[in-house]
Structures are given as C-alpha cells and as structure tokens.
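Heads up: the sequence shown begins at 32 in our numbering, then just goes up one per residue. To start, the structure itself, in structure tokens.
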Amino acid sequence: MKKTNVMLMTAATALVLTGCLDGGTAGAGEKITYSKTSAEVYDQSCKKCHGDKAEGLKEKKTPALNDRQAGELELDLYDVKNGGTNQSSGTEHDVMEHNMKKLLAKGYNYDAKDMAEYIEKNFYIKPE
Ligand code: HEC
C-alpha cells in the first residue's frame, strides 16, 4: 500500500515537472498546452486592433485577416510569432512582431494553425 502511494507521487511529480519546464517554447513536434483557446485570444487581444470580424481597422492601421484562407493565414501568423526570418510568406511585419512579443509575454499564446482555422471559420469572406 505504502509503496504504491510513493510510486503514484513520483509519477505525479514527474508530470508536473514536465509541464513547468516547457516555458511555451517547445520545438517542432512537442505539444504545448495553451492557457487560452484561439477564440479567447482573438477576443481578448487581436480584436481591438484587427476588428470584430478581422476586417482590419483604419484607425489602428491594421490589415484585414478575413481575406485569406487558413493555409495562408497560418504562414502569416507563424511569421509574426517567430519574427524576422520570414522563412514562410516572405513578408515584413515589424510592428506586429513587436506587438506579438508583448502579447506572448501576457500569456496570449496560440497555435498558428488553430488560430488560422478559427479566423477562417468565423470571419473569412470569399472574394467575388
Ligand atoms: C496593438 C494593436 C495590435 C494587436 C493587439 C494585434 N495586432 Fe496584428 N497587426 C497590427 C498592425 C499595426 C499590423 C500591420 C503591421 C505589421 O504587419 O507589422 C498587424 C499585422 C498582423 C498580421 C499580418 C497581416 C498581413 O496582412 O500579412 C497578422 C497575421 C496579425 N497581425 C495577427 C494578429 C493576431 C493573431 C493578433 C492577436 C494575437 C494580433 N494580430 C493582435 C496590430 C495589432
């Protein structure tokens, strides 16, 4: 009985440790647990600059995010999250990269693919 308890404790401690060691910077293939869903992140942070429907806001000088599908959006999101290198879409997003660093520091982390799918599903407007 006592031995089982000790083993359970050890297992639990190991789980907690692996959770804490991952400071949100897990590399490819590793699973990150996000504290907020993409919907929550969009609502609580992106929305005030990019608009209720991701339509882009003139007064904030933000581009629309509702004019592209998830695949392309994912690359743009990947760019602004990883900064500078532009290995994917080849665009420059200095302002947004700067914003994103601050947002990440506040806990507004998200999975680029999941966020792209969220935005497409809820806001995407097909061009005529
Ligand atoms: C403080 C205002 C602000 C907030 C908050 C903000 N953005 Fe931005 N974002 C901008 C501005 C300004 C630009 C355009 C300049 C640039 O790309 O650097 C931009 C650009 C982008 C781009 C590039 C778009 C393109 O057309 O290539 C993406 C993607 C993006 N934002 C996603 C997000 C997401 C996702 C969030 C929420 C996690 C977010 N933004 C929150 C201001 C903001």
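For each residue, glycine too, the CB sits at the ideal point set by N, CA and C. Just so we're clear, the structure is a prediction, and the values are computed from it rather than from any experiment.
_Using a Cβ-based criterion (distance less than 6 angstroms to any ligand heavy atom), does Asp125 qualify as near ligand 1?_
Position 94 of the sequence shown, counting from 1, holds the residue named residue 125. Yes, ligand 1 has a heavy atom inside 6 angstroms of this Cβ.
_Continuous alpha helix (DSSP H) stretch holding Glu128: start and end_ = On the sequence shown, position 97 is the one that residue 128 refers to. It spans Asp125 to Ala136 - the alpha helix (DSSP H) in which Glu128 sits, taken as one unbroken run.
_Inter-residue CB distance, Ser69 and Tyr149 (contact presumed, cutoff 8 angstroms)_ = Taking the first residue of the sequence shown as position 1, residue 69 is located at position 38. Taking the first residue of the sequence shown as position 1, residue 149 is located at position 118. 4 angstroms between Cβ atoms; contact.
*With Glu149 as the anchor, note down where its alpha helix (DSSP H) starts and where it stops.*
Indexing the sequence shown from 1 puts residue 149 at position 118. Note that residue 149 corresponds to Tyr in the displayed sequence, not to Glu. First-last of the alpha helix (DSSP H) with Tyr149: Ala143 to Phe154.
*Do Gly114 and Glu105 have their CB atoms nearer than 7 angstroms?*
The sequence position of residue 114 within the sequence shown is 83, counting from 1. The sequence position of residue 105 within the sequence shown is 74, counting from 1. No, Cβ-Cβ distance for Gly114 and Glu105 is not below 7 angstroms.
*Which term fits Lys92, buried or exposed, when burial requires 16 or more other beta carbons within 10 angstroms of its beta carbon?*
Working through the sequence shown from its first residue, we reach residue 92 at position 61. It is exposed - the Cβ of Lys92 has fewer than 16 other Cβ atoms within 10 Å.
*Helix, strand or coil at Glu105 [DSSP, three-state]*: Within the sequence shown, the letter at position 74 stands for residue 105. Here Glu105 sits in helix by DSSP.
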